[in-house]
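Residue numbers (our numbering), protein chains in the order written: chain A, 249 to 660; chain B, 249 to 660. Beta carbons are placed, not taken as given, at the ideal position from N, Cα and C, and that holds for glycine.
There are 2 protein chains.
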Amino acid sequence: MALPSIDTSRLDNTLAVIRTLRDQGPAARIDLGALNGISSATVTSISAELLQQGLINERPPETPRANGRGRPKTLIELDPQAACVVCIKLSINEIQLVVGDFAGQIRHSEHHAISTLTLSAADLEALLEDKISAVCTQQLRGFQRLAGICLAVQGVVSSQSGTIIWSPALSFRNAPIAPRLAERFHCSVLLENDANCIASVLAAQPAYADCNNLVVIMLGYGIGMSVLINGVPYLGANGSAAEFGHSKYQPDGALCACGRRGCIEAYASDYALYREASDLLDLPTGDSAHPSAQQMQALTQLAMQGDPVAQRIYAQAGRALGVGIANVLALFNPDLVLITGSGVRGFDAMQAAMHAAIDDALVAELRGTTRIESCAWDRDMTCMGGIAMALNATDGETLLDSQAKSGSATCL
Amino acid sequence: MALPSIDTSRLDNTLAVIRTLRDQGPAARIDLGALNGISSATVTSISAELLQQGLINERPPETPRANGRGRPKTLIELDPQAACVVCIKLSINEIQLVVGDFAGQIRHSEHHAISTLTLSAADLEALLEDKISAVCTQQLRGFQRLAGICLAVQGVVSSQSGTIIWSPALSFRNAPIAPRLAERFHCSVLLENDANCIASVLAAQPAYADCNNLVVIMLGYGIGMSVLINGVPYLGANGSAAEFGHSKYQPDGALCACGRRGCIEAYASDYALYREASDLLDLPTGDSAHPSAQQMQALTQLAMQGDPVAQRIYAQAGRALGVGIANVLALFNPDLVLITGSGVRGFDAMQAAMHAAIDDALVAELRGTTRIESCAWDRDMTCMGGIAMALNATDGETLLDSQAKSGSATCL
Numbered sequence: 249m250a251l252p253s254i255d256t257s258r259l260d261n262t263l264a265v266i267r268t269l270r271d272q273g274p275a276a277r278i279d280l281g282a283l284n285g286i287s288s289a290t291v292t293s294i295s296a297e298l299l300q301q302g303l304i305n306e307r308p309p310e311t312p313r314a315n316g317r318g319r320p321k322t323l324i325e326l327d328p329q330a331a332c333v334v335c336i337k338l339s340i341n342e343i344q345l346v347v348g349d350f351a352g353q354i355r356h357s358e359h360h361a362i363s364t365l366t367l368s369a370a371d372l373e374a375l376l377e378d379k380i381s382a383v384c385t386q387q388l389r390g391f392q393r394l395a396g397i398c399l400a401v402q403g404v405v406s407s408q409s410g411t412i413i414w415s416p417a418l419s420f421r422n423a424p425i426a427p428r429l430a431e432r433f434h435c436s437v438l439l440e441n442d443a444n445c446i447a448s449v450l451a452a453q454p455a456y457a458d459c460n461n462l463v464v465i466m467l468g469y470g471i472g473m474s475v476l477i478n479g480v481p482y483l484g485a486n487g488s489a490a491e492f493g494h495s496k497y498q499p500d501g502a503l504c505a506c507g508r509r510g511c512i513e514a515y516a517s518d519y520a521l522y523r524e525a526s527d528l529l530d531l532p533t534g535d536s537a538h539p540s541a542q543q544m545q546a547l548t549q550l551a552m553q554g555d556p557v558a559q560r561i562y563a564q565a566g567r568a569l570g571v572g573i574a575n576v577l578a579l580f581n582p583d584l585v586l587i588t589g590s591g592v593r594g595f596d597a598m599q600a601a602m603h604a605a606i607d608d609a610l611v612a613e614l615r616g617t618t619r620i621e622s623c624a625w626d627r628d629m630t631c632m633g634g635i636a637m638a639l640n641a642t643d644g645e646t647l648l649d650s651q652a653k654s655g656s657a658t659c660l
Numbered sequence: 249m250a251l252p253s254i255d256t257s258r259l260d261n262t263l264a265v266i267r268t269l270r271d272q273g274p275a276a277r278i279d280l281g282a283l284n285g286i287s288s289a290t291v292t293s294i295s296a297e298l299l300q301q302g303l304i305n306e307r308p309p310e311t312p313r314a315n316g317r318g319r320p321k322t323l324i325e326l327d328p329q330a331a332c333v334v335c336i337k338l339s340i341n342e343i344q345l346v347v348g349d350f351a352g353q354i355r356h357s358e359h360h361a362i363s364t365l366t367l368s369a370a371d372l373e374a375l376l377e378d379k380i381s382a383v384c385t386q387q388l389r390g391f392q393r394l395a396g397i398c399l400a401v402q403g404v405v406s407s408q409s410g411t412i413i414w415s416p417a418l419s420f421r422n423a424p425i426a427p428r429l430a431e432r433f434h435c436s437v438l439l440e441n442d443a444n445c446i447a448s449v450l451a452a453q454p455a456y457a458d459c460n461n462l463v464v465i466m467l468g469y470g471i472g473m474s475v476l477i478n479g480v481p482y483l484g485a486n487g488s489a490a491e492f493g494h495s496k497y498q499p500d501g502a503l504c505a506c507g508r509r510g511c512i513e514a515y516a517s518d519y520a521l522y523r524e525a526s527d528l529l530d531l532p533t534g535d536s537a538h539p540s541a542q543q544m545q546a547l548t549q550l551a552m553q554g555d556p557v558a559q560r561i562y563a564q565a566g567r568a569l570g571v572g573i574a575n576v577l578a579l580f581n582p583d584l585v586l587i588t589g590s591g592v593r594g595f596d597a598m599q600a601a602m603h604a605a606i607d608d609a610l611v612a613e614l615r616g617t618t619r620i621e622s623c624a625w626d627r628d629m630t631c632m633g634g635i636a637m638a639l640n641a642t643d644g645e646t647l648l649d650s651q652a653k654s655g656s657a658t659c660l
């Protein structure tokens, strides 16, 4: 049987309009055309279809402008109820579930304290099925469809096969989790590295839009990295590229959570800092191998207040981070290295030593003009990125589905 | 004035035919069509034009096949005289000039011993002008045009601006050499990192054709690297990416030629090996900071013959190389790491320690399935790569030029 022919340029234009409305909010047809290089006639025709399919709404025209000039424009916006996606962030001892609407806004978020390291692959699968089912039952009323799920995982994942290869949050390896969930929930399931989710949020910000080579480093319990080349995460052969935390500072150096020695993570992650500090400083008791946000806050505060032992520990972490970043500069020569994650709260106590280590390590021509900046961790960008990635990945399906329901089929 | 419209698909097809003839040698029209996904009619029309323009020749049909079946095919081949390119390889204390014909074959090669470190930027420019002029006068008779020049330089270059940023062969920095030579010789001048030239030759070989993420490491006086992502060298923001030699083995470790400490190069390059060895072993005298091929051969031979001191020195180099490669695996997760360059002659004495260091550094999931192989350095691939890159970069111009001369202008 011959497949129906597809007007790909019409489809691309429709997806571009949806994406612009999601990234920039309500917009006038004329502006959508200009932003995407599409004629007014085409935008008018696309928006008529999207209206008919229930994917967008019209806003009543705004009141005339204060200066009285110009006719008020009718704005269109995505119908938030048209579809939703679920993002699950899996990190050590915690699972977060977030529901995002079709406009990309977060509508619900819940955290669960779970001993992730004691789970088997089957346990994790059952647990996620249970939590996703519950959130669907409670939160998804009113939404036309569950378009997709994004699983954002700390560690090495193969996005292509949907397999968690290795995560510090889990004691099992090589679990093909995404296809299982896709079968259970009858929707697309993306599996992403958490740092790639965060980097996708940052890369969309105007301040970083001109960076063709962007490196994002995430400090926290572990140390993650994402390398975006022309906006696309560089994954390598099997998805294990950008494992900055396990590049080396000192051969045969400090013990890392991975079981090897001398990794950057073994000096500059939460657990490495707390391990150094717990014998020497008066800190909250608790699992010092997996320090809580409260424990880390107490340690960071000591360094910020000038405690010399805490300062020495953070400076040592800064040196390790600096040598690691020097290697990243020598190998990737990025436009920008952006340091973020919960651990960035202690960055002020690291950065002098970090910059000194970079300058010690590289001649000026290799240090280059790469900007090295930090980015406050005032909100968790992982789920924001996961929601956006899941929506972008499923817009085509949502469009097809709504066309089928509305009886129109011009786009596909 | 309106520009004439260009039939880009016709042009692309013509360039693809030229490139296939260069890579694979004489071919029948039908095979050229099949290899490039072009119809027979188009290949026939393209080859008629190329014949008229003097860019290809027809070979007399071969004698009928032994089995008597099938009509002998007429083969077409590039006319080697249609154009030529010059590649200059600039390395420490040596300049090599090579002339390549339109079919990509090397027609002439000459070496000059030059104290490159004593040259100013103006000296180098004058010297290259002089040598290129001489080679043009002596060697270029019979060629229809000098299509281009490729300068292959050890170190950091900006291919985009044609500037040598920093080379271990030169004591000056930031010299915009390519635009000067382009003005002098009225042709395109490419400036390339030497490792990228070598990697382009290797990547074209069938054995490595399936590697989307290929890392080539060059051992020799310095240590170079090229990262090919989908066949394209990854250059980074300013062209200084893939500087593997100056990534770190030991912070505050051995002194590197760059002036910093602890670089991989300070352990595994020719000069690093010779520096360690010259006090301890009976080796040919000479400039131990810039050991000659003969000096290195003597040292390598001692290690291969089982001299314990030489073996210890090569094992130490192998460990440093292994830690550096572990970082490359963690950060790039390539399909293949290919080790070559003149220094690969001592690779057998390094590789056990190198593999042990990689396995010590990385857990199996990060070690991944990357193949790590060596490639014999029985011919210098730098100039072969430079010739191919210069030809590929100038085929469009050669085509335009020959169309103008022949009065035909269908392709452009």
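Cross-chain neighbours of residue i in chain B, by beta carbon under 8 Å
i        : result
PHE492/A : ALA578, LEU579
THR232/A : Lying before the first or after the last residue shown, residue 232/A is absent from chain A, which here runs from 249 to 660.
LEU323/A : Going along chain B, no residue has its Cβ under 8 Å from LEU323/A, so there is no contact; the nearest lies around 38 Å.
LEU614/A : VAL404, TRP414, SER488, GLU491, HIS494, CYS506
Chain-ordered chain A contacts of residue i [CB-CB under 7 Å]
i        : result
ASN575/B : SER495, LYS496, ASN575
LEU610/B : HIS494, ARG508
GLY484/B : ASN461, PHE580, ASN581, PRO582
VAL480/B : Residues of chain A passing the Cβ test: none, with the nearest at roughly 11 Å.
Limits of the alpha helix (DSSP H) - the one that residue i falls within
i        : result
LEU647/A : 629-654
ARG523/A : 518-526
ALA296/B : 288-300
ALA282/B : 277-284
ASN259/A : Residue identity check: residue 259/A is Leu in the sequence provided, not Asn. Where LEU259/A is concerned, the enclosing alpha helix (DSSP H) stretches over 256-272.
GLN542/B : 541-552
Beta strand (DSSP E) segment containing residue i, residue limits
i        : result
LYS337/B : 332-339
ASN486/A : Counting along the chain, ASN486/A falls outside any beta strand (DSSP E), and DSSP gives it neither H nor E.
ARG307/B : 304-307
ILE512/A : That residue, ILE512/A, is in no beta strand (DSSP E); it is neither H nor E in DSSP.
LEU326/B : 323-326
Interface partners of residue i on chain A, CB under 8 Å
i        : result
SER257/B : Result: empty, since nearest Cβ-Cβ is about 17 Å, beyond 8 Å.
GLU297/B : Chain A residues near GLU297/B: none, gap ~32 Å exceeds 8 Å.
Residue i: contacting residues in chain B (beta-carbon distance under 7 Å)
i        : result
ALA489/A : LEU579, PHE580, ASN581
VAL571/A : LYS496, PRO499
Within chain A, partners of residue i - CB distance below 9 Å
i        : result
LEU429/B : Near LEU429/B there are no residues of chain A at all, since even the closest Cβ is about 22 Å away, more than 9 Å.
* Using a Cβ cut-off of 8 Å, which residues of the stretch 431-459 of chain A contact any Cβ in chain B, in chain order? -> none
* Using 8 Å as the threshold, is the stretch 472-486 of chain B in touch with the stretch 600-613 of chain B, meaning 3 or more CB pairs across them? -> Counting Cβ pairs under 8 Å, fewer than three are found: no touch.
* Continuous alpha helix (DSSP H) assignments of at least 4 residues falling wholly in the stretch 563-627 of chain A -> 599-609, 612-615
* Segments of 3+ residues assigned as beta strand (DSSP E) that fall wholly inside the stretch 399-483 of chain A -> 404-406, 411-414, 436-441, 461-467, 471-477
* Are at least three pairs of beta-carbons, each pair with one atom in the stretch 461-474 of chain B and one in the stretch 585-593 of chain B, less than 8 Å apart? -> yes
* If contact means a Cβ-Cβ distance below 7 Å, which residues of the stretch 402-420 of chain A contact chain B? -> VAL404, ILE413, TRP414
* Counting pairs of Cβ atoms below 8 Å between the stretch 407-418 of chain B and the stretch 373-380 of chain B, do you hit three or more? -> no
* Check whether the stretch 386-395 of chain B touches the stretch 364-371 of chain B, counting contact only when three or more Cβ pairs, one atom from each stretch, lie closer than 8 Å. => no
* Can you list the beta strand (DSSP E) stretches of 3 or more residues lying completely in the stretch 345-408 of chain A, in chain order? -> Counting only runs of 3 or more, we get 354-361, 394-401, 404-406.
* Three-pair Cβ contact test at 8 Å for the stretch 629-648 of chain A versus the stretch 343-351 of chain A -> yes
* Could you tell me whether the stretch 511-522 of chain A touches the stretch 640-657 of chain B, where touching means 3 or more Cβ pairs closer than 8 Å? => no
* Using a beta-carbon distance cut-off of less than 7 Å, what residues from the stretch 336-364 of chain B approach chain A? -> Residues: none.
* Determine contact between the stretch 561-573 of chain A and the stretch 488-500 of chain A, defined as no fewer than three beta-carbon pairs at a distance below 8 Å. => yes
* Is the stretch 424-441 of chain B in contact with the stretch 393-400 of chain B, if contact means three or more CB pairs nearer than 8 Å? -> yes
* For the 8 Å Cβ check, are there 3 or more pairs between the stretch 647-657 of chain A and the stretch 404-415 of chain A? -> Touching, no, given that fewer than three Cβ pairs across the two stretches are closer than 8 Å.
* To do: Determine, using beta-carbon pairs with one atom in the stretch 293-301 of chain B and one in the stretch 255-270 of chain B, whether at least three such pairs fall under 8 Å.
  => yes
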